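Trainee:
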Amino acid sequence: MAKTPNYIKAAFLLPANLVGLTTAAMSSAVTQEPLPMMVALGVEGVYLAVLSSMKRFQRAVRAQQPDNPEAARAAVDSLLADLAPSQRDHYQQLVGLKEKILANYRKLPAGRVLAASSEPKLDALLTSFLRLISALNQYRTYLSGSDREHLTSEVAALEAEVAEEANPRLKDVKGKRVEILRKRLMRFEQAGESREVVSHQLAGIEDLMRLTHEQSIAIRDPESVNRQLDVLSAETEATDETVRQMERFLDFTEETSAPLPHGGTRVR
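Numbering (full-length UniProt numbering), first residue to last: 1 to 268.
1. Can you list, in chain order, the residues of its chain whose CB lies under 6 Å from that of Ile8, leaving out five sequence neighbours each side?
2. Can you list, in chain order, the residues of its chain whose CB lies under 6 Å from that of Lys100, leaving out five sequence neighbours each side?
3. I'd like the span of the alpha helix (DSSP H) that includes Asn104, first residue to last.
4. One question on the structure: do Ser128 and Thr236 come within less than 8 Å of each other, judged by their Cβ atoms?
5. Between the Cα of Tyr105 and the Cα atoms of Val225, Ile180, Leu18, which residue gives the shortest distance?
6. Can the beta-carbon of Leu79 be found closer than 8 Å to that of Lys98?
7. Does the Cβ-Cβ distance between Val197 and Thr242 come in under 8 Å?
8. For Gln201, report the span of its alpha helix (DSSP H) as first-last.
9. In the DSSP assignment, find the unbroken alpha helix (DSSP H) run with Glu44 in it and report its ends.
10. So, using beta-carbon positions, are Leu208 and Val178 closer together than 8 Å?
11. If contacts are defined as beta-carbon pairs under 8 Å, then Ser194 and Tyr139 qualify, I think. What distance do you get, rounded to the angstrom?
12. Hey, is Tyr91 close to the ligand HEM, as in C-beta under 7 Å from one of its heavy atoms?
13. Taking only three categories from DSSP, how would you classify Pro109?
14. Specify the secondary structure class of Asn17 as computed by DSSP and reduced to three states.
15. Whose C-beta lies closer than 7 Å to the C-beta of Ser134 among residues of the same chain, with five residues either side of it excluded?
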């Protein structure tokens, strides 16, 4: 039976954390003062507790264990748990298409080998689908949970104050606030644009899976399968890049490259 990943150990072994601890230790050694190391150890305890309990960090750790079927399945289940029922239904439909595609491939000459080599690429696309939906949901939360209209009004009011302000210091401070608020408004615009792009990419993945299934019904040439898989791989790469961009926007650092297995999980 596969072991549950040690999330605290994974958090401790992150390069940035080790560099920070080493720096604190060297500082204490050079100054012969224990305070830097004591402070670092106090912060370390909080850091390990918080990071190791974060769902996204846990998913990232599990994604680094592709040879662990249980960990990979747990990563899929964790992603599914964040989805709305309708989104899970879409995912299950795609898993069903994947199984039908592989069944059709197995009917070809050397079909079992072909299906075995095709499954990871189909899984990679389904993994991208799940992660893209997860990122999209985060965007929706960001856009709906923030007061954009209030922010727009505040910027307009503050700009008017800056224009009339006679005190140089106050004018400077208010001007800096306006710059910050404008940047926040720009983030709203970027998030809205990205959300629309992602919605189309999700629809594109569904269309591509259905097209691949339709083509697999009548396919007779294994070389045609390879061409289909090349299209799937290109779509996966493009989708993963979108996910990385969205997560950087939302200050996420989850690894998105490792494909996960899909099939066998049923939404209850």
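In this text, a Cβ means the ideal position worked out from N, Cα and C, and glycines have one as well.
The model shown is predicted, which means the values in this text are computed figures rather than measured ones.
Mentor: From the atom records:
1. Leu48, Ser52
2. His213
3. 85–106
4. yes
5. Val225
6. Remark: C-beta atoms of Leu79 and Lys98 do not approach each other more closely than 8 Å.
7. yes
8. It spans 168–218 - the alpha helix (DSSP H) in which Gln201 sits, taken as one unbroken run.
9. 35–53
10. no
11. 6 Å
12. This structure lacks the ligand HEM, and indeed carries no ligand of any kind.
13. coil
14. helix
15. The beta carbon of Ser134 sits closer than 7 Å to those of Leu79, Asp82, all from its chain and outside the five residues before and after it, given in chain order.
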